[in-house]
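This note's numbering puts the first residue of the sequence shown at -16, with every later residue one more than the last. Backbone N, C-alpha and C define an ideal beta-carbon position, used for all residues, glycine too.
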Amino acid sequence: MLIRANISCCNLDNGDMLREVMVKIGLERINMQEGITVEALLDSGTTRLVMSSEFTRKQGFKFKKIERPIYVRNVDGTLNKEGPIEHTVEINIYYQEHRKRTKICIIGG
-16 MLIRANISCC NLDNGDMLRE VMVKIGLERI NMQEGITVEA LLDSGTTRLV
34 MSSEFTRKQG FKFKKIERPI YVRNVDGTLN KEGPIEHTVE INIYYQEHRK
84 RTKICIIGG
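In structure tokens, the structure reads:
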């Protein structure tokens, strides 16, 4: 699998540089051994791996309900409008020659 990083930058009002690094990764449904290639934000500042519920449903990933909801806060301390994390999916992530089985939190109900 060929992976390339797309790096885009934009100037902020205070002169700082904002960097957004996108990488192509493979995601594989564990129960079906079928996969897709997607572009993912390499470092969004979150403390967990996250995917939107809309994307997860469209791609046919199997949701797993978690025991206790995880309330998501924005940088300014307010609760995120997407609501708490209540589900995860377990998948294999591929990047270049590496594979990792992991759980990803689902945001957006």
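Secondary structure of residue i, DSSP reduced to three states
i, result
"Lys64", "coil"
"Arg31", "coil"
"Glu17", "strand"
"Glu69", "strand"
"Gly9", "strand"
Beta bridge counterpart(s) of residue i as assigned by DSSP
i, result
"Arg40", "Paired residues: none, contrary to the question."
"Cys85", "It should be noted that the sequence gives Thr, not Cys, for residue 85. Ile74, per the DSSP bridge assignment."
Length of the line joining the Cα atoms of residue i and residue j
i, j, result
"Ile90", "Val33", "7 Å"
"Pro52", "Glu69", "5 Å"
"Arg82", "Asn75", "6 Å"
"Gly22", "Leu62", "Here residue 22 turns out to be Glu, not Gly, going by the sequence shown. So the two alpha carbons sit approximately 27 Å from each other."
"Glu50", "Lys64", "21 Å"
"Arg40", "Thr85", "18 Å"
Supposed contact pair residue j and residue i - C-beta distance, whole angstroms, cut 8 Å
i, j, result
"Pro67", "Val58", "Contact doesn't hold; Cβ gap of about 17 Å is too wide."
"Glu73", "Ile13", "6 Å"
Buried or exposed by the 16-neighbour rule on C-beta atoms within 10 Å, applied to residue i
i, result
"Phe44", "buried"
"Thr71", "buried"
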